[in-house]
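Chains as they are written, first to last, in the numbering used here: chain A, 1 to 239; chain B, 1001 to 1317. All C-beta atoms in this analysis are idealised placements derived from N, C-alpha and C, irrespective of residue type, glycine included.
Structure representation (structure tokens):
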């Protein structure tokens, strides 16, 4: 620091050096995050050679279906739960919401079975598997509340029928399927947030750990030893 | 961990499964694939929506019930007055009927909440709605002044008389000492037929209402509403809530949940709901914990579908 009088400003230290030295919680968190999930791991432009099957499409397809569910759901909720009964456009948006959900589950189940037969939890990917199953379960509850929100005959019957399982477990006293106000809040706020959060965590974990290698892969495989299989910087360890 | 094959657990080790991949790579564009995915799935979703639309069968109302099946309506209203309907004897969270809860050994979760959504069927479904009429029936006073034993005698006798009448037709019931019950149930039938009961039953005297518990329970106590559901293949013994009105796939992902209700010992168990929820809970947790379950986690090794998925890799191995 200069002692009075204008002095030429000292050059700011480089951010990266500061990063290494910073003892703040924020700096430590940033270093941890960048080490676990460097940008080229988060947004990769290459994949291991074994990622070459149609089965790998279904995870992405599930997310694509979710996008349409969220958009159509937003339009439906902005217009209120009764709108689609009286509007042709509303009915179409409702159909998009329904078929989005049907496709979402279809893709998700294929994805789940695919990952099971690949034993995709291997090599420290347990949490990826668990968050995947969790997103399946939370999605089921979310879809169920959507069926209750249809404000039509189907919704009336599902509310009547489903109350028994919920009451038998004591949940029905707080999660009342016949209380439209409650169900509306669950379906358009809490549960979509839960699905989005679990799916986001799942995707981040997939990026963090990478796609699981084949069951019978060994260090002696030609794809690990041949000259065109040089270690790539992008997937190398960083510290 | 097996010494003869790949480690099927989820643990991290210093091996090629746990390490970042150091072998051959292929070109991949995350954003391009996402964009193509959204386009293709979008076309599929919009195409299915345009082609197949979605079901939207209109709600069943108390007005419709009272006009289409007046005898069933009167019989149900009598059961609500006499406290013999399913709702009246449900137990928590609606009321405190003794021994009505589903239990599993000493586990009685249904009782934990207590009566959190109180429903007194005689008052909430019949008497209070009738009081909102411009000229409430005089029978209300007679009912209110009577003892519990007297009320029970009236409703029991009227229930038996309705059951014995040709076509259960209330107008052909034998004369008897039914007190104010016929007048009350007929007044409720008229009120429902005029469409006045539908809003009043949910929340008497309220402008706003977002809670349909009472209306749904009252409908469900009759035979008309379940009959409509049966015709739409929606009842519990028809795989229940996983179905949808019309020819639509519904919540097919609930198939395993519905499945248990179709087989013994669940289908005839008085605590079927609790048993099924318990089984599904165990199975859901098990699915989540597959990486920790020896045997199950090794299935992919024993049934090598992975050979198909990774056939290119194995061919060049």
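- Annotated as distal: residue 126(A) and residue 1294(B), with beta-carbon spacing of 8 Å or more.
- Per DSSP, residue 1137(B) has no beta bridge partner at all.
- Excluding residues up to 5 positions away in sequence, nothing lies with its Cβ nearer than 6 Å to the Cβ of residue 1163(B) in the same chain.
- Chain order gives the chain B residues near residue 47(A) as 1025, 1026, 1028, where near means a beta carbon separation below 7 Å.
- Put simply, the CB of residue 1302(B) is far from chain A, with every gap to its CB atoms at 8 Å or more.
- Of the candidates 224(A), 82(A), 105(A), 88(A), the residue whose Cα lies closest to the Cα of residue 150(A) is 82(A).
- Between residue 1083(B) and the set 1048(B), 1018(B), 1110(B), 1097(B), the nearest pair of CA atoms involves 1097(B).
- In the structure shown, the three-state DSSP call for residue 47(A) is strand.
- For the pair residue 1017(B) and residue 122(A), the CB atoms are nearer than the 8 Å cut-off.
- Contacts between residue 1317(B) and chain A, judged by CB atoms closer than 7 Å, involve 221, 222 in chain order.
- Residue-level contact by beta carbon fails for residue 1293(B) and chain A, as no gap is shorter than 8 Å.
- Under the Cβ distance rule, residue 85(A) counts among the residues neighbouring chain B, one pair being separated by less than 8 Å.
- Straight-line spacing of the CA atoms in residue 209(A) and residue 1287(B) works out to 21 Å.
- One Cα belongs to residue 205(A), the other to residue 1304(B), and the distance between them is close to 26 Å.
- From the listed residues 1048(B), 1246(B), 1205(B), 1028(B), the smallest Cα separation to residue 1229(B) is found for 1246(B).
- Under the DSSP definition of a beta bridge, residue 179(A) partners with 1211(B).
- Nearest neighbour of residue 41(A) by Cα position, chosen from 1041(B), 1044(B), 1029(B), 1048(B), turns out to be 1029(B).
- 8 Å or more divides the Cβ of residue 1054(B) from the Cβ of residue 139(A).
- Those residues of the segment 1228-1245 of chain B placed with their C-beta closer than 8 Å to a C-beta in chain A are 1228, 1229, 1232, 1234, 1235, 1236, 1240, 1241, 1244, 1245, ordered along the chain.
- Straight through space, the alpha carbons of residue 1249(B) and residue 88(A) are spaced by roughly 22 Å.
- Shown here, residue 1301(B) sits in a helix according to DSSP, grouped into three states.
- Using beta-carbon distances, residue 1154(B) does not count as an interface residue toward chain A, since no partner is under 8 Å.
- The Cβ atoms of residue 114(A) and residue 63(A) do not sit closer than 8 Å to each other.
- For residue 1310(B), a Cβ of chain A is located within less than 8 Å of the residue's own Cβ.
- Beyond the five residues adjoining it in sequence on each side, residue 146(A) comes within less than 6 Å, by CB distance, of 187 in the same chain, given in chain order.
- With the criterion set as a beta carbon lying under 8 Å from some beta carbon of chain A, the members of the segment 1036-1060 of chain B are 1037, 1038, 1040, 1041, 1042, 1044, 1045, 1046, 1048, 1049, 1050, 1052, 1053, 1054, 1055, 1056, 1057, 1058, 1059, 1060, in sequence order.
- In the structure shown, residue 1062(B) adopts helical secondary structure according to DSSP, grouped into three states.
- Taken in chain order, the complete alpha helix (DSSP H) segments of 4 or more residues contained in the segment 102-165 of chain A are 126-148.
- Taking a 10 Å sphere around the C-beta of residue 1244(B), we find 16 or more other C-beta atoms and assign the residue as buried.
- Within the same chain, Cβ atoms closer than 6 Å to the Cβ of residue 120(A) are found at 212, the five residues on either side in sequence being excluded.
- In terms of beta-carbon proximity, residue 1216(B) lines the interface with chain A, with at least one pair separated by less than 8 Å.
- The shortest CA-to-CA distance from residue 1079(B) to any of 1153(B), 1251(B), 1254(B) is the one to 1153(B).
- The residue from 221(A), 155(A), 165(A) with its alpha-carbon nearest to that of residue 1057(B) is 155(A).
- Sequence-distant Cβ neighbours of residue 110(A) in its own chain, meaning closer than 6 Å and more than five residues away, are 58.
- In this model, residue 1193(B) and residue 1061(B) are separated by some 10 Å (Cα to Cα).
- Pairing residue 1313(B) with residue 223(A) gives a Cβ-Cβ distance under 8 Å.
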